[in-house]
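To start, the structure under review is shown below, and the notes come after it.
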Amino acid sequence: MDDTHSRLGREFFEKSGEKLSRALIGQILVRLSDGKRLAGRIVETEAYLGLVDKAAHSFKGKTARCAAMFKEPGTAYVYNIYGIYCCMNISSQGDGCAVLLRALEPVEGINEMAMFRWPKPKPRFKVKDLCNGPSKLCQSLSLSKVNFDQHDLVSDENLWLEKGGVVPDSMVVQTKRVNIDKAEEWSSKPLRFYVLHNEFVSVRDKEAERQMEGAGM
DNA sequence: AGTACGATTGGCT
DNA sequence: GCCAATCGTACTT
């Protein structure tokens, strides 16, 4: 039986941050906006591991901003950054652990996404520029802290995940996270996952890809 | 009340 | 590759 596109329940999110980060690759994020489905296939994620992870917002414990990272697995953590952008995460099992969504391959509602992403209409836009970055995907799906922070993706009426096709390990690159300047040893931990050769990924790691091919994958 | 800064992006060199 | 934009958040005084 093909249960592709069935909604993912609590049990799916009840994994460690690292496992959830990998498991989210290939799943579909659906945002219902004004009755329209905007959807994208998750192609890039990063895990943040809470109290032991110097690069995580939750490293020093729970604050007003990162409270969602401490809630039930499957809770959305949406925060503001640089005054003008926001990023979306999904909490996992583990205190203060969550997975940042870094890129989506748009699959439904592309024109609606473009209207959110470029309020001044762009006559000629590229689909790959809609969601190839954590803040770009929030713009395209109209996700903000006000709208969705702390919402439960298992029960929310306007934002949820659906089962996508299986992405085999041979197609998933695992490498270090993007823009983790400080945090020394944590900057090199392979907590980022993305679909090999996928044009919707935000940042590719040529070295990691080369090593994968060398390993016969 | 004041301050320093960021899990980014887009424009320019 | 470099850098400014822009403001909520966490933390200090």
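If you're matching positions, the first sequence starts at 1011 in my numbering and goes up one per residue. Where a beta carbon is used, it is the ideal one built from N, C-alpha and C, also for glycine.
Contacting residues, own chain, Cβ-Cβ under 6 Å from residue i (five flanking each side not counted)
i        : result
Ala-1124 : Phe-1135
Cys-1148 : Cys-1096, Met-1098
Lys-1146 : none
Ser-1154 : Cys-1096
Asn-1142 : Ala-1113, Phe-1210, Ser-1212
Counted within 10 angstroms of its Cβ, other Cβ atoms place residue i as buried (16 or more) or exposed
i        : result
Ala-1066 : buried
His-1161 : buried
Tyr-1089 : buried
Val-1040 : buried
Asp-1012 : exposed
Thr-1085 : buried
Asn-1121 : exposed
Tyr-1087 : buried
Ile-1091 : exposed
Tyr-1127 : Here residue 1127 turns out to be Arg, not Tyr, going by the sequence shown. Classification of Arg-1127: buried, given that the 10 Å Cβ count is 16 or more.
Pro-1144 : buried
Gly-1050 : buried
Gly-1119 : buried
Ser-1016 : exposed
Neighbourhood of residue i by C-beta distance below 7 Å, restricted to the same chain and skipping five residues each side
i        : result
Ser-1031 : Thr-1055, Glu-1056, Ala-1057, Val-1109, Leu-1201, Phe-1203
Val-1177 : Ile-1035, Gly-1036, Val-1205
Ser-1102 : Phe-1023, Lys-1025, Ser-1026, Gly-1027, Leu-1030, Pro-1083, Ala-1108, Val-1109
Trp-1170 : Arg-1017, Val-1040, Leu-1163
Of the listed residues the options, nearest to residue i (C-alpha basis)
i        : options                                : result
Thr-1185 : Lys-1216, Phe-1022, Asn-1157, Gln-1160 : Lys-1216
Thr-1014 : Gly-1175, Gln-1149, Ser-1180           : Gly-1175
Met-1227 : Val-1213, Val-1188, Arg-1220, Ser-1180 : Ser-1180
Glu-1024 : Arg-1214, Phe-1069, Leu-1151, Val-1164 : Val-1164
Asp-1113 : Ala-1086, Glu-1209, Leu-1059           : Per the sequence shown, residue 1113 should be read as Ala rather than Asp. Per the Cα distances, Glu-1209.
Val-1211 : Gln-1221, Val-1182, Ile-1190, Lys-1199 : Val-1182
Tyr-1095 : Leu-1151, Leu-1171, Arg-1020           : Leu-1151
Met-1285 : Ile-1052, Pro-1131, Glu-1118           : In the structure as shown, the chain begins at 1011 and stops at 1227. Residue 1285 is therefore absent and cannot be evaluated.
Gly-1019 : Arg-1047, Glu-1172, Cys-1076           : Glu-1172
Lys-1046 : Cys-1076, Val-1156, Val-1117           : Val-1117
Leu-1061 : Asp-1105, Lys-1081, Thr-1073           : Asp-1105
Leu-1140 : Pro-1133, Val-1156, Glu-1115, Ile-1038 : Glu-1115
Val-1156 : Gly-1071, Pro-1129, Ser-1016, Arg-1075 : Arg-1075
Residue i - partner residues in DSSP beta bridges
i        : result
Ala-1033 : In DSSP, Ala-1033 forms no bridge with anything.
Ile-1052 : Leu-1114
Arg-1041 : Leu-1048, Leu-1169
Leu-1061 : Per DSSP, none; premise fails for Leu-1061.
Arg-1017 : Glu-1172
Nonlocal neighbours in the same chain, by C-beta distance under 8 Å from residue i, ignoring five residues either side
i        : result
Ala-1033 : Phe-1022, Lys-1025
Val-1188 : Glu-1056, Arg-1112, Arg-1202, Ser-1212, Val-1213
Glu-1167 : Leu-1042
Asp-1159 : Ala-1078, Ala-1086, Tyr-1087, Val-1088, Tyr-1089
Ser-1198 : Lys-1186
beta-carbon residue i near the ligand SAH non-hydrogen atom, thresh 7 Å
i        : result
Asn-1189 : In terms of ligand content, the structure shown is empty, and the ligand SAH therefore cannot be addressed.
For the stretch 1063 to 1145, which segments carrying the alpha helix (DSSP H) assignment without a break, of at least 4 residues, lie completely within its bounds, in sequence order? 1120 to 1127
Which residue spans inside the stretch 1138 to 1219 form an unbroken alpha helix (DSSP H) run of at least 4? 1144 to 1150, 1155 to 1158, 1194 to 1197
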